[in-house]
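Reading through the structure tokens given below for one structure.
Numbering (the UniProt record's numbering), first residue to last: 1 to 66.
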């Protein structure tokens with residue numbers, strides 16, 4: 001499974017992306033949310049990604065181990 005989220009550092013600069021409309025994550029929080037979904041830490045990889053216009057994001061990859 002692959003998950004993309006905009007990094008909290010990016011969303012903090014957007015006036016329309018407040019807590020009432022957006023859920024933001026940093027790396028550790030994304031890992032914790034995936035773990036809360038039933039995945040083990042060794043099944044999760046999170047890497048930073050850079051997008052146009054100064055947007056930074058996090059790309060989470062989850063591979064279920066047998």
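Heads up, the beta-carbon is just placed ideally off N, CA and C, and yes, glycines get one too.
Residues sharing a beta bridge with residue 62, DSSP | 44
Where residue 51 falls, given that 16 or more other Cβ within 10 Å makes a residue buried | exposed
Between which two residues does the alpha helix (DSSP H) harbouring residue 8 extend?
-> 8-11
Classify residue 54 as buried or exposed, calling it buried when 16 or more other Cβ atoms lie within 10 Å of its own Cβ.
-> exposed
Would you kindly report the start and end of the unbroken alpha helix (DSSP H) that includes residue 35?
-> 27-36
According to DSSP, is residue 57 helix, strand or coil?
-> strand
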